[in-house]
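Asker: With numbering that gives the first Met the number 0 as the guide, the letters of the sequence shown map in order to residues 0 to 338.
A virtual CB, placed ideally from N, CA and C, is assigned to each residue, including glycine.
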Amino acid sequence: MGAPLLVVVGPTAVGKTAVLLELAPRLDGEVVSADSMQVYRGLDVGTAKPSPAERQRVPHHLIDVADPGERFTVARYQRLARQAIAEIHRRGKLPILSGGTGLYIQAVLEPLLFPDEGEDLELRARLAREAEEQGPEALYRRLAQVDPEAAQRLAPRDLRRVIRALEVYERTGRPITELQREARQQAAPAYRTLKIGLTRPRPKLYARIEARVDQQLANGLVDEARRLLERVRAAGASRAGEKTALQALAYKELFPYLEGQESLEQAVERLKRATRRYAKRQLTWFRRDPEIHWIDLEAYPDPARAAEVLERLVRDRLLGSDHHQSGGDRDGSYHRSPS
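#1: Drop a sphere of 10 angstroms on the beta-carbon of residue 281, count the other beta-carbons inside from all chains shown, and report buried for 16 or more, exposed for fewer.
#2: Which one of 102, 63, 84 and 71 has the shortest CA to CA distance from residue 29?
#3: Leaving aside the five residues before and after residue 166 along the sequence, list all residues of the same chain whose C-beta is less than 8 Å from its C-beta, in chain order.
#4: Taking its Cβ as the centre, do 16 or more other Cβ atoms sit within 10 Å of residue 27, making it buried, or is it exposed?
#5: Round the Cβ separation of residue 267 and residue 245 to the nearest angstrom and send it over; I've been treating them as touching at under 8 Å.
#6: Using the C-alpha atoms, what's the distance from residue 191 back to residue 97?
#7: Measure the C-alpha to C-alpha separation of residue 209 and residue 258 and round it to an integer number of angstroms.
#8: Which two residues bound the contiguous beta strand (DSSP E) that contains residue 29?
#9: Taking C-beta to C-beta, are residue 59 and residue 194 nearer than 8 Å?
#10: So what does DSSP say about residue 267, is it helix, strand or coil?
#11: With DSSP run on the structure shown, which of helix, strand or coil describes residue 197?
#12: Determine, using beta-carbon pairs with one atom in the segment 54 to 71 and one in the segment 269 to 277, whether at least three such pairs fall under 8 Å.
#13: Measure the C-alpha to C-alpha separation of residue 164 and residue 283 and round it to an integer number of angstroms.
#14: If you drop the 5 nearest sequence neighbours on each side, which residues of the same chain put their C-beta closer than 8 Å to that of residue 80?
#15: Pull up the distance between the alpha-carbon of residue 301 and that of residue 131, whole angstroms please.
#16: If I measure Cβ to Cβ from residue 19 and keep anything under 7 Å in the same chain, skipping five residues before and after, which residues do I get?
#17: Can you check DSSP and say which residues form a bridge with residue 97?
#18: Alpha carbon to alpha carbon, what distance is there between residue 110 and residue 179?
#19: Have a look at 225, 279 and 171 and flag the residue whose alpha-carbon is nearest the alpha-carbon of residue 204.
#20: Give the DSSP bridge partners of residue 104, in chain order.
#21: Should residue 256 and residue 45 be called a contact, given that it needs their Cβ atoms to be closer than 8 Å?
#22: Going by alpha carbons, who is nearest to residue 212 out of 140, 162, 264 and 228?
#23: Figure out for me which residue from 77, 146 and 216 has the closest Cα to the Cα of residue 182.
#24: Could you pull out every unbroken beta strand (DSSP E) segment of at least 3 residues lying fully inside the segment 150 to 222, listed in chain order?
#25: Alpha carbon to alpha carbon, what distance is there between residue 48 and residue 162?
#26: Starting from the C-beta of residue 402, find all residues in its chain whose C-beta is less than 7 Å away, skip the five residues before and the five after it, and write them out in chain order.
#27: Out of curiosity, what's the CA-to-CA distance linking residue 158 and residue 297?
#28: With H, G and I counted as helix, E and B as strand and the rest as coil, what does DSSP make of residue 53?
#29: DSSP state of residue 87, grouped into three classes?
#30: Using the C-alpha atoms, what's the distance from residue 75 back to residue 262?
#31: Let's see if you can read the secondary structure: which residues bound the beta strand (DSSP E) around residue 146?
#32: Could you spell out the range, first to last residue, of the alpha helix (DSSP H) harbouring residue 315?
#33: Can you tell which of 10, 286 and 14 has its C-alpha closest to the C-alpha of residue 306?
Here it is, written out as structure tokens:
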């Protein structure tokens, strides 16, 4: 069997960090972040990064590894995360892969579904211009000719993915679907995993989201968003760029206010609404995985108590300890699907 890997998932604002700060020391563990926006430097308040003191208390990896205007792909995350996990194992520690970006977690545990065959920004820009001049349907028809399987999977107006598929074909001479099949056949690292999901009843989660946004605003979120916009613009990037920090939740919702297009109150309400929708999408993604053991954190207001229950579960199900009976088995506190 492979080396152990604990996976802790859950929606934004559910309370993952507070629990992990209690759980990781109990398990001699280190956290590998699976958050697509915590990879960026300078996005501290809006992404709810653990503080420097918290990161000193529990080592965190894959945080602050890219500049805000830099493109950060799933393939790059996969490579860096697997390296971090291997290094943690070499030190005799337990890696804890944790976050809310489901695709990042999937990329670590499985063969990469979107092979990193390279990017050609000039080619991408040319295809985008063609779409503007000829309409998205023209590019879709071209894709149907060179990669009918990809065209069947995509909607004609899903322009970003249509362009990406055409870009791959023009760069490699091979359909993206063919490359994806090859990637699936590659062996992923053989981890021995336990997946734990943290959840709360929807009204409670939404109330926490509202409170978090208010606290982020009090902690300087608007100024952080302003600095981000100025920094990336100075580097020559546009707000329309994809896969950069400019697309981060909590920042892009504030840009219209910073550009004088709407009031702060309107921007904040839009941010709260977008965060609620994001949490719902995260839960929808994770619900598809039947291997996740769900823990309702409302049963454990104290993160230390939640960590105690999780420690027993981890030792029973992952680390092979036979001298604990899981607290969840005794009191029914964990289950197979979130509320």
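Answerer: In short:
#1: As a working mapping, residue 281 is identified with position 282 in the sequence shown. Buried, by the Cβ-count rule.
#2: In the sequence shown, the residue the question calls residue 29 occupies position 30. Closest by alpha carbon: 84.
#3: Locating residue 166 in the sequence shown gives position 167, where the first residue counts as 1. Cβ neighbours of residue 166 beyond the five flanking positions: 118, 119, 122, 123 and 126.
#4: Here residue 27 refers to the residue found at position 28 when the sequence shown is read from its first residue. When all chains shown are included, residue 27 counts as exposed.
#5: Along the sequence shown, read from residue 1 onward, the residue named residue 267 stands at position 268. Along the sequence shown, read from residue 1 onward, the residue named residue 245 stands at position 246. That belief does not hold up - the Cβ atoms of residue 267 and residue 245 are roughly 19 Å apart, past 8 Å.
#6: As a working note, residue 97 is residue 98 in the sequence shown. As a working note, residue 191 is residue 192 in the sequence shown. Residue 97 and residue 191: Cα-Cα distance of roughly 15 Å.
#7: Locating residue 209 in the sequence shown gives position 210, counting from the first residue. Locating residue 258 in the sequence shown gives position 259, counting from the first residue. So the alpha carbons of these two residues sit roughly 24 Å apart.
#8: Residue numbering aside, residue 29 sits at position 30 when the sequence shown is read from its first letter. Counting along the chain, the unbroken beta strand (DSSP E) around residue 29 starts and ends at 28 to 32.
#9: The residue you call residue 59 lines up with position 60 of the sequence shown. The residue you call residue 194 lines up with position 195 of the sequence shown. Cβ atoms of residue 59 and residue 194: not closer than 8 Å.
#10: Counted from its first residue, the sequence shown places residue 267 at position 268. Note: residue 267 maps to helix in three-state DSSP.
#11: Numbered from its first residue, the sequence shown carries residue 197 at position 198. Residue state, collapsed to three classes: strand.
#12: Contact between the segment 54 to 71 and the segment 269 to 277 is absent, because fewer than three Cβ pairs lie under 8 Å.
#13: Residue numbering aside, residue 164 sits at position 165 when the sequence shown is read from its first letter. Residue numbering aside, residue 283 sits at position 284 when the sequence shown is read from its first letter. Computed Cα separation, rounded: 26 Å.
#14: Position 81 of the sequence shown, counted from the first residue, corresponds to residue 80. Closer than 8 Å at Cβ, skipping near neighbours: 31, 33, 60, 61, 96, 103, 106 and 107.
#15: Numbered from 1 along the sequence shown, position 302 holds the residue referred to as residue 301. Numbered from 1 along the sequence shown, position 132 holds the residue referred to as residue 131. So the two alpha carbons sit approximately 54 Å from each other.
#16: Here residue 19 refers to the residue found at position 20 when the sequence shown is read from its first residue. Once the five neighbours on either side are set aside, the close Cβ partners of residue 19 are 7, 30, 57, 95 and 97.
#17: For the purposes of this step, residue 97 is taken as residue 98 along the sequence shown, with counting starting at 1. Answer is 7 and 32, bridged to residue 97.
#18: Here residue 179 refers to the residue found at position 180 when the sequence shown is read from its first residue. Here residue 110 refers to the residue found at position 111 when the sequence shown is read from its first residue. Straight-line Cα distance between these residues: approximately 9 Å.
#19: For this step, residue 204 is matched to residue 205 along the sequence shown. Nearest C-alpha to residue 204 among 225, 279 and 171: 279.
#20: The count along the sequence shown starts at 1 and reaches residue 104 at position 105. DSSP, once it has assigned bridges, lists no residue as partnering residue 104.
#21: The residue labelled residue 256 in the question sits at position 257 within the sequence shown. The residue labelled residue 45 in the question sits at position 46 within the sequence shown. It is not a contact, given that the beta carbons lie outside the stated cut-off.
#22: Within the sequence shown, residue 212 is the residue found at index 213, counting from 1. That would be 264, whose Cα lies nearest to the Cα of residue 212.
#23: Taking the first residue of the sequence shown as 1, we reach residue 182 at position 183. Among 77, 146 and 216, the Cα nearest to that of residue 182 belongs to 77.
#24: Within the segment 150 to 222, complete beta strand (DSSP E) segments of at least 3 residues are found at 191 to 198, given in chain order.
#25: Indexing the sequence shown from 1 puts residue 162 at position 163. Indexing the sequence shown from 1 puts residue 48 at position 49. The alpha-carbon atoms of residue 162 and residue 48 are separated by roughly 33 Å.
#26: Nothing can be reported for residue 402: it is not among the residues displayed for the chain, which extend from 0 to 338.
#27: The residue given as residue 158 occupies position 159 in the sequence shown. The residue given as residue 297 occupies position 298 in the sequence shown. Approximately 42 Å between the Cα atoms of the pair.
#28: Reading the sequence shown from its first residue, position 54 is the one you call residue 53. Helix, per DSSP.
#29: In the sequence shown, residue 87 corresponds to position 88, counting from 1. Reduced to three states, the DSSP call for residue 87 is helix.
#30: As a working mapping, residue 262 is identified with position 263 in the sequence shown. As a working mapping, residue 75 is identified with position 76 in the sequence shown. Between residue 262 and residue 75, the C-alpha separation is close to 37 Å.
#31: Within the sequence shown, residue 146 is the residue found at index 147, counting from 1. Looking at the DSSP string, residue 146 is not in any beta strand (DSSP E), and its letter there is neither H nor E.
#32: Taking the first residue of the sequence shown as 1, we reach residue 315 at position 316. Counting along the chain, the alpha helix (DSSP H) containing residue 315 begins and ends at 302 to 316.
#33: As a first step, residue 306 is located in the sequence shown; it is residue number 307 there, counting from the start. Nearest option by C-alpha distance: 14.
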